[in-house]
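Everything in the sequence shown is counted per this note's numbering, starting at 181 for the first residue and increasing by one.
Backbone N, C-alpha and C define an ideal beta-carbon position, used for all residues, glycine too.
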Amino acid sequence: MAQLVSELCRELPDKFVSHPGPDALRSKKKPIRSLILVTDLIGSGERAERYLDAAWRVFSFKSWWSGRRSNGLTFDIVAYAATASGKSRVLSHRLSPCVRLVTECPTIDTAFDAEQAAVIKRICAQYNPHAGAADVLGYQNTGALIAFAHGAPNNCPRILHKYSGSWTPLFARRVTAATRSEFPNELDQQEIQQRLVNMRHKRLSEGHDWSRAAKGTLETYLVLAALSHPPRTIDVVARRTGLTFLETESVLRKAMANAWLDKHYRLTDQGQAYLRAAKKKRRVALPVGSVKMYYPSALRVPA
């Protein structure tokens with residue numbers, strides 16, 4: 181991520197400045213329109229909040245921000261993922277930042293129902309490598325269920341990355357390289373079927389090998405299935421389907437262009453018909469051949 185920021189600054193020096201302080205911003209001939217925090221994860225939201233608080237303490241930033249409607253400064257936070265609680269915490273800041281994400285970060289509370297989440301939390305506490313220590317579920321007990329190629333964040337449950345005398349973690353010392361190959365990039369058939377069942381579309385999950393579906397077909401059916409009952413926000417649809425926000429938004433644009441959805445993301449009659457057609461069990465035609473197969477009609481003792 182740091183490399184991406186550096187490349188943008190080198191390629192477009194008139195548009196981007198890396199890690200500017202107030203003096204550097206004041207010296208610019210053109211006013212700075214946006215101050216952007218780039219990060220991999222908004223977990224608890226504390227780090228992003230500290231960044232915004234630090235900006236608020238600078239009088240120049242306050243002045244630029246107060247005139248944001250005409251010629252002022254706006255604040256943006258660009259992250260790969262964010263937990264629902266972390267995103268909400270950042271959005272409630274007085275600077276009203278715009279948060280742009282690729283996907284939502286699942287947590288123990290959002291990925292499982294209340295009963296399952298309670299069981300998982302008890303396991304995390306029971307096998308906590310540091311007995312008696314606080315934040316069993318990670319920093320500020322976020323319980324984040326995400327790991328990156330460069331490592332697992334400290335918002336993950338401790339049992340995922342901390343050693344003890346009788347416990348070997350999945351991501352030892354938060355390093356993910358050794359286990360990266362164990363996590364496929366795409367949804368497998370079983371996971372697809374389970375997601376459809378969870379969205380109350382069991383018939384849609386049966387009789388289809390979704391792993392062989394054409395690119396875009398599976399994503400379309402997943403989104404339409406997710407939108408068949410409320411809530412119908414992009415965040416919820418992405419969570420139900422396992423797609424990123426960008427993938428979800430792309431499917432929504434396609435569905436609206438085909439008149440499968442109205443402006444409130446409710447399925448139209450055409451959208452309902454499209455979904456019903458996919459639920460019909462497809463009969464596999466038996467092969468018809470003109471070649472008559474040979475089979476012996478009598479057996480004799482070999483000579």
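(request) Quick one: residues in its chain with C-beta nearer than 7 Å to the C-beta of Ala439, no 5 flanking neighbours on either side, listed in chain order? (result) On the sequence shown, residue 439 is found 259 positions in, with the first residue counted as 1. Excluding positions up to five away in sequence, the list reads Thr448 and Gln450.
(request) Determine which residues share a DSSP beta bridge with Ser214 and list them. (result) As a working note, residue 214 is residue 34 in the sequence shown. Paired residue(s): Thr254.
(request) Check Glu386 in the structure and name its three-state DSSP category. (result) The residue labelled residue 386 in the question sits at position 206 within the sequence shown. Three-state DSSP puts Glu386 in coil, outside helix and strand.
(message) For Gly491, list the residues DSSP reports as bridge partners.
(response) Outside the modelled stretch of the chain, which goes from 181 to 483, sits residue 491, for which no answer is possible.
(message) Could you pull the DSSP bridge partners for Arg433 from this structure?
(response) Here residue 433 corresponds to residue number 253 of the sequence shown, with the count starting at 1. In DSSP, Arg433 forms no bridge with anything.
(request) Flag this pair as yes or no: are the beta carbons of Leu232 and His273 separated by less than 8 Å? (result) In the sequence shown, residue 232 corresponds to position 52, counting from 1. In the sequence shown, residue 273 corresponds to position 93, counting from 1. A contact, by the Cβ cut-off of 8 Å.
(message) Could you give the first and the last residue of the continuous alpha helix (DSSP H) run that contains Cys278?
(response) Position 98 of the sequence shown, counted from the start, is the residue given in the question as residue 278. Segment Cys278 to Glu284 is the beta strand (DSSP E) holding Cys278; no alpha helix (DSSP H) there.
(message) By the DSSP assignment, the alpha helix (DSSP H) with Lys267 in it spans what residues?
(response) One-based indexing of the sequence shown puts residue 267 at position 87. Note, Lys267: alpha helix (DSSP H), Ala264 to Leu271.
(request) Determine, using beta carbons only, whether Ala489 and Glu284 come nearer to each other than 8 Å. (result) It is not possible to answer for residue 489, since the shown part of the chain is limited to 181 through 483.
(message) With the cut-off set at 8 Å, would you say Ala327 and Thr287 are in Cβ contact?
(response) Locating residue 327 in the sequence shown gives position 147, counting from the first residue. Locating residue 287 in the sequence shown gives position 107, counting from the first residue. Contact: no.
(message) For Ser207, report the span of its alpha helix (DSSP H) as first-last.
(response) Within the sequence shown, the letter at position 27 stands for residue 207. It is not in any alpha helix (DSSP H) - Ser207 carries neither H nor E in the DSSP assignment.
(message) Give me the DSSP bridge partner(s) of Ala261.
(response) What you label residue 261 is simply residue 81 of the sequence shown in a count that begins at 1. The partner list for Ala261 (beta bridge, DSSP) reads Leu221 and Thr283.
(message) Using the Cβ count rule (16 or more neighbours within 10 Å means buried), how would you classify Tyr401?
(response) Mapped onto the sequence shown, residue 401 falls at position 221. Buried, since its Cβ has 16 or more Cβ neighbours within 10 Å.
(request) Check Ser198 in the structure and name its three-state DSSP category. (result) Your numbering for residue 198 matches position 18 in the sequence shown. Ser198: coil per DSSP, three-state reduction.
(request) Mark Ile303 as exposed unless 16 or more other C-beta atoms lie within 10 angstroms of its C-beta, in which case mark it buried. (result) Against the sequence shown, residue 303 aligns to sequence position 123. Ile303 should be labelled exposed.
(message) So, for Phe241: in the same chain, excluding its five sequence neighbours on each side, which residues have a beta-carbon less than 6 Å away from its beta-carbon?
(response) As a first step, residue 241 is located in the sequence shown; it is residue number 61 there, counting from the start. Result list for Phe241: Ala235, in chain order.
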